Structure formats: structure tokens, C-alpha cells
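S.K.: Residue 109 is where the sequence shown starts when you use my numbering, and the numbers rise one by one after that.
Sending over a structure as C-alpha cells; questions will come in a sec.
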Amino acid sequence: MAAFSIFVLIHNTALENKKIIKLFKLASELMELHDENPFKVRSYVNGAAALELVEDPLETKSQAELEGITGVGKSIAARVIEIKETGSFTELDQLLSVTPPGVVEMLRIKGIGPKKVRNLWKELGAETVEELLDACEQDKVSKLKGFGAKTQENIKQALLFTQQNRGKLLFAEAEPTAQALLEQVQQALPDAEVALVGDVRRCLEIIEKLELVIGTDKPTEAEVALNKLDELQQDELNSGPMVWRGKHSVSGLATEIRFASPANFQNERFIRSASQEHLTQVFAANKNMLTVARESSHSSEEDIYSSAGMAYIVPELREGTNELQLAMENKLPKLLELGDLKGILHNHSTYSDGAHTLEQMATYCRDMGYQYLGISDHSKTAAYAGGLREGDVLRQQKEIDELNQKLAPFKIFKGIESDILGDGSLDYEEDILKSFDFIVASIHSNLNMDEQKATTRLITAIENPYTTMLGHPTGRLLLRREGYPINHKMVIDACAANNVIIEINSNPWRLDIDWRWVAYALEKGVMLSINPDAHHTSGYDDMRYGVLVGRKGGLTKEMTFNAKSAEEVGAYFKARKEKIK
């Protein structure tokens, strides 16, 4: 685990439940790493699992209230209180103090658990990921008992991927960090204009740098004020009179803060909030947006676009695709907004690997103002995730019928996230498949495929008449693992031909389908669905990230499936099933 992750978990003042839970999970991993009593390890694992079921903020609860939670005893409750007071707890601090940071980072390598990490550490003497990578390249790991050549290669590829992505954060992690920095700078420079720019403002899925623009006539004084902030560490050699460069000490992200005169503040803000392709693309008479912005001082970004003879383009669209032409023709789409969504599809409950019961997931969804919930627990092949056997499916569907009477007019649609098997088939017989209102088809196994195999596997599933929606098409986990390669055009074309919806998986680690393919899907008439893949009620909040992905690709309300009402969605599912012969 990177130092940033531990720092944020321990020192974030807004201690959300999930951050408290992560501390317990980290402690259990470290205890297993150090071969401590398995019963003690299990107590932490069970405690974390019990806390995951709590919807109310843990930081507001007293010791007695915490002890009253099923599965939470005095010991776990006391540690929650300690976390509230100090940001950590003694046992975790002690474990971290005797564990090299590089070994803690190894715990994040997918496919190997604490016991194998212990072997790598103790038997190979690898205390950093660099040393572990060197051991892989020297073929030392494969010689260890329980590893082998295949495991060694998987570790090597995971380390290379991690190395390549070091110094980067998910948008969901970087955005609050950037916002906090903005507020700190505004407080330090109350008389200056300050704006967040760069990749964060454009809502890119991975952030490598924090960028701000400051409008001031006193850049030297502003620089002095910046250097008084604990969160900023200046790189004096690479800084200049009009630019501060350095590092954000909390997140580890590179940071760049530019100074502009108040008259040129909006010009600089615009230039730093667009891709190079957007700025340099010629749109008329050898003009581009960079020359327009620099022709004169502008009062706003809207004024810059107006001077270019085009409609205002929001930051998330400034990527240099076709947005300038659309703006000139006044044909920019009215982009989807979070408030346009009427329901939440692709969610998990305690029937498989979710943290909350079906009724809890439904009532929470209803109380957020949505009209419907699509439950889609894992299917039987996903035994590792408690996938539903046929009897479980029927039992869940009976409960859905009962809840639909109880919660009306709120509606629960009967779904499943059916595993796409190696040959592209779904993992239930037809008599079960036809019992669902909708089916999300996803790949979860045998991910080491070439493009042809992965594409064929997906298209076979898409052509199954029971497939309603394609789930996370590439299986990627941003900054954790690359997705399997697919021919996006062929997959999208197949969805168009078979009337299959494609999800934008809103989990910040996935954001899949990639926004760069949204425009092609829309061109082919394929509807998209903003799905959180929620395993906890807090997962519903991830819908926002899916909306941002859709907006970057030009997604509108009209082409978003779950912007339809409950009645429209129900009618769509019914009509589609009736067409199956």
C-alpha cells in the first residue's frame, strides 16, 4: 500500500465508515502476515464485516451503541472509539511500525495473500516492491514452495503495472484532495482569484497532477504564502516567477500552480482546463482556441468561446474530438445530469456478496429518491462471491414479489449478473434465464485472453437473446490491473445489432466502458446505463462518477437507459422478453 493510502485512512478528518472498516481489514492482513493467532485475525475480519452492515455514521456512535451492533464486541467497539479520537488504533500502529512500507504495499498485489507475502519477505528478503520485481526477473520467486512460474509472471506483471501507475490517483481520490487544496489556497490568499484546473476539472478517470491558477498582481507574495502550507513541498529548481511546481505531500501527486494577472486570469484558467488537442485544433481561417484565448483579455470562459463564434463547451468535453465543430454549429448535446436518473440497476445484496439485505438495498434506494432498483446478484459460477444457485434465485424472486407489494409504488426488478463462461454462454439453463426481468452479462474469470478470444466471448454472450445488458466490458480495475483487450467497435456493433444496453460501471476503480467509446456507442444507437455495481448502500453514491464518464463521451438523458421511469423500464423489459422465441 502506498504511503498516501495509509495517511489518508489514518488522518482524514471526515472518517467515513468505509475508512474505519479499511483500517480493520488492514490490521487483519498485517496480523496474518505476522502469523498471529488465527482466532484474533478472524475477530478483526468478522468485526469489519459487521461494521459494513451499519448504514449510520460510526463516528457518531458511543461505545455502548457500538457494542450493541450484532457482531461487534467490546474490543472492536473500543478500537472504533480510538480511531475516532486519534485516527488509528494501537495494534495497527504497532503492526505498521514493524512492517516495512514496501511489504505493506505488497499486500495490494492481486492474487497473493498475506501468507505468500510473508514468504516473499522472509524467504527472499524482499522488503520493497523493487526488490520483489528484481527477484521475479532473476527467477527466484518461482523456486519458492507454492509459487511456480505462472504465479511469478503474474506478480511481475502486477508490479510493472503498479510501477507504471505510481504517482497517480483515481479521480474519486484526487477530486476531494484537489478541492481541499483549493480551499487552503483560497484561505491563504483571500484577496486573489483561485481556480482548480487541469485533469481534475476535465474529470479524467486517472489524475497525475494537481493544477491551480491564481489571479494576483503579487506572485512573489503568493509564492511565500504557498510555501507556508504544510501540504505543499516546492521544487525550487523547476519553479519560476509565474509558476510554482512541487508536490502535494498528502497525496504524493505532482502539483503545479500558475500565477496570472487578474486581467488574464480567465484566459489562463481556460488554457489550463483544456487538452492540447482542444486548444490547437484549427477550426476556421487557421485559428485555434489557443490563439483566440491569447488575442485579448477575456472576462470569462464563455466570453472566449463567444469570441470564437461558438457555444460554450463545458470542461469535461474539451478533449479535441468533435466538440469544436458541434459548438460552431450550435449542436452540442444537452449532457446527462445526475438528477436525470430515475433508478439504479446492477446491485448486489446479501444473497451473494453484498453487505446489505435486499430490503435494505431497496429502501435506501427509494429514500434517495429513485423509483426503482435492479437487483443483480452474482450467478452460480461465481461461487467465490456466493453466487446464486437455482433454488436461491427462486427464493430471492419470491422475496422480491413480497417487497414489491410492501414498497409500492417503488419497484424492484428481478435481475442477475450472469457470468459469461469461456465459450460465451451464460451460466443458467433457459428455464432460469427467462425468470429474470433483465440480465447483466459479465466476465469475471479467465481474464488472460487475447483480443480475438475476448471479443468472440463477449459477442457470443451479446447474441444470447436473454442478455439485456453488457457489464464492465473490459474487466479493468484502474491502477490495479489492465482489462483484457477487446475490439470495442465489434463489441459495440454487436450490441447495436442485438439491442443490448452497455453499462457504464460507475465504480471508481472500473469506469468501464471507457468514456472514449461512448460517442461511438451513441452513433450506433446503443443505449447506456449508469450502473454503480453497488455491494453496499454507500455504493449508490458512485453513480456520480458514471455520470461524469457519460458526460465526457457526450451522453444525453435520452440515450441513458436508467433515465427512463419505472413504467418505461418495466415495459422495455417485458417487450424484449416477449420477442424471444
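Where a beta carbon is used, it is the ideal one built from N, C-alpha and C, also for glycine.
If you're wondering where the values come from, they're calculated on a predicted model, not measured in any experiment.
Can the beta-carbon of Gly658 be found less than 8 Å from the beta-carbon of Val626?
M.R.: Yes; because the gap between Cβ atoms is below 8 Å, this pair is in contact.
S.K.: When we look at the beta-carbon of Phe255 and count the other beta-carbons within 10 Å, is it buried (16 or more) or exposed?
M.R.: Per the 10 Å Cβ criterion, buried.
S.K.: Apply the 10 Å Cβ neighbour rule to Tyr492 and answer buried if 16 or more other Cβ atoms are within range, or exposed otherwise.
M.R.: With fewer than 16 Cβ atoms within 10 Å of its Cβ, Tyr492 is classed as exposed.
S.K.: Closest to Ile220 by CA distance: which of Glu675, Val293, Glu261 is it?
M.R.: Closest option to Ile220, Cα to Cα, is Glu261.
S.K.: How big is the Cα-Cα spacing for Pro581 and Asp622?
M.R.: Each residue's alpha carbon lies about 9 Å from the other.
S.K.: Looking at the unbroken alpha helix (DSSP H) that takes in Glu507, where does it start and where does it end?
M.R.: Per DSSP, Glu507 belongs to the alpha helix (DSSP H) from 498 to 515.
S.K.: Once DSSP output is grouped into helix, strand and coil, what is the label at Arg474?
M.R.: Looking at Arg474 - three-state DSSP - the assignment turns out to be helix.
S.K.: Just checking my contact of Asp485 with Ser457 at CB under 8 Å: how many whole Å lie between their CB atoms?
M.R.: Their Cβ separation, rounded to whole angstroms, is 6 Å, which keeps Asp485 and Ser457 in contact under 8 Å.
S.K.: Would Met139 and Leu203 be called neighbours here (beta carbons separated by less than 8 Å)?
M.R.: Cβ distance < 8 Å, so Met139 and Leu203 count as in contact.
S.K.: Could you spell out where the beta strand (DSSP E) holding Lys689 opens and where it closes?
M.R.: No beta strand (DSSP E) contains Lys689, which DSSP labels as neither H nor E.
S.K.: Suppose you measure from the CA of Ala419 to the CA of Val400; what does that come to, to the nearest Å?
M.R.: Rounded to whole angstroms, Ala419 to Val400 spans 14 Å at the Cα level.
S.K.: Note down the Cα distance separating Val501 from Asp535, rounded to an integer number of angstroms.
M.R.: Each residue's Cα considered, the two are about 13 Å apart.
S.K.: Use the C-beta contact count for Lys506: other C-beta atoms within 10 angstroms, 16 or more gives buried, fewer gives exposed.
M.R.: Label assigned to Lys506: exposed.
S.K.: Within 10 angstroms of its Cβ, does Gly523 collect 16 or more other Cβ (buried), or is it exposed?
M.R.: Flag for Gly523 reads buried.
S.K.: Could you check the C-alpha separation between Arg584 and Pro593 for me, to the nearest Å?
M.R.: Roughly 10 Å separates the two Cα atoms.
S.K.: Flag this pair as touching only if the segment 634 to 651 and the segment 300 to 311 have three or more C-beta atom pairs under 8 Å; answer yes or no.
M.R.: Taking 8 Å as the limit for Cβ pairs, the verdict is that the segment 300 to 311 does not touch the segment 634 to 651.
S.K.: Counting pairs of beta carbons, one from the segment 382 to 392 and one from the segment 423 to 434, are three or more of them closer than 8 Å?
M.R.: They touch, by the three-pair rule.
S.K.: In the DSSP assignment, find the beta strand (DSSP E) that holds Tyr56 and state where it starts and stops.
M.R.: Outside the shown range of the chain (109 to 689) lies residue 56, about which nothing can therefore be said.
S.K.: If you follow the alpha helix (DSSP H) that Asn639 is in, where does it begin and where does it stop?
M.R.: Unbroken run through Asn639 is the beta strand (DSSP E), 636 to 639; no alpha helix (DSSP H).
S.K.: Could you compute how far the alpha carbon of Phe373 sits from the alpha carbon of Val293?
M.R.: Cα to Cα, Phe373 sits roughly 16 Å from Val293.
S.K.: Determine the closest residue to Lys561 out of Ala674, Val358, Gly532, Glu281, with distance taken between C-alpha atoms.
M.R.: Nearest C-alpha to Lys561: Gly532.
S.K.: How should Met469 be labelled, buried or exposed, when 16 other C-beta atoms within 10 angstroms of its C-beta is the threshold for buried?
M.R.: Met469 should be labelled buried.
S.K.: Any chance the CB of Ile594 is under 7 Å from a heavy atom of the ligand SAM?
M.R.: The ligand SAM is absent from the structure shown, which contains no ligand whatsoever.
S.K.: At 4 residues or longer, what runs of the alpha helix (DSSP H) sit wholly inside the segment 243 to 325?
M.R.: For the segment 243 to 325, whole alpha helix (DSSP H) runs of length 4 or above, ordered along the chain, are 257 to 272, 279 to 296, 306 to 309.
S.K.: Please report the distance separating the alpha-carbon of Arg274 from that of Gln504.
M.R.: Whole-angstrom Cα-Cα distance: 43 Å.
S.K.: Going by other Cβ atoms of all chains shown within 10 Å of its Cβ, with 16 needed for buried, is Met476 buried or exposed?
M.R.: Exposed, because fewer than 16 other Cβ atoms sit within 10 Å of the Cβ of Met476.
S.K.: Measuring straight from C-alpha to C-alpha, what distance separates Arg377 and Val305?
M.R.: Approximately 7 Å, taken between the alpha carbons.
S.K.: Going by DSSP, what residue range makes up the beta strand (DSSP E) through Glu611?
M.R.: 609 to 613 is the span of the beta strand (DSSP E), which, as asked, contains Glu611.
S.K.: Measuring only the C-alpha atoms, how far is Lys326 from Ser357?
M.R.: So the two alpha carbons sit approximately 25 Å from each other.
S.K.: CB-CB under 8 Å to Ile609, same chain, minus the five flanking residues each way: which ones, in chain order?
M.R.: Excluding sequence neighbours, Ile609 sits near Thr576, Met577, Leu578, Cys603, Val634, Met635, Leu636, Ser637, Phe669.
S.K.: Closer than 8 Å is the cut-off here; do at least three beta carbon pairs connect the segment 180 to 191 with the segment 155 to 168?
M.R.: Yes: the two stretches touch, three or more of their Cβ pairs being nearer than 8 Å.
S.K.: Taking 8 Å as the threshold (C-beta atoms), are Ser170 and Val149 in contact?
M.R.: Contact flag unset, no.
S.K.: The beta strand (DSSP E) spanning His454 covers which residue range?
M.R.: Note, His454: beta strand (DSSP E), 451 to 455.
S.K.: Leaving out the 5 sequence neighbours to the left and right, which residues in its chain are closer than 8 Å to Thr408 when beta-carbon positions are compared?
M.R.: In the sequence as presented, Thr is not what sits at residue 408; that position holds Ser. So the list reads Gln374, once near-sequence residues are dropped.
S.K.: Is it right to say Lys336 is buried, meaning 16 or more other beta carbons lie within 10 angstroms of its own, or is it exposed?
M.R.: Exposed, since its Cβ has fewer than 16 Cβ neighbours within 10 Å.
S.K.: For Leu446 and Lys264, what's the separation of their Cα atoms in angstroms?
M.R.: Near 40 Å, if we compare the C-alpha coordinates of Lys264 and Leu446.
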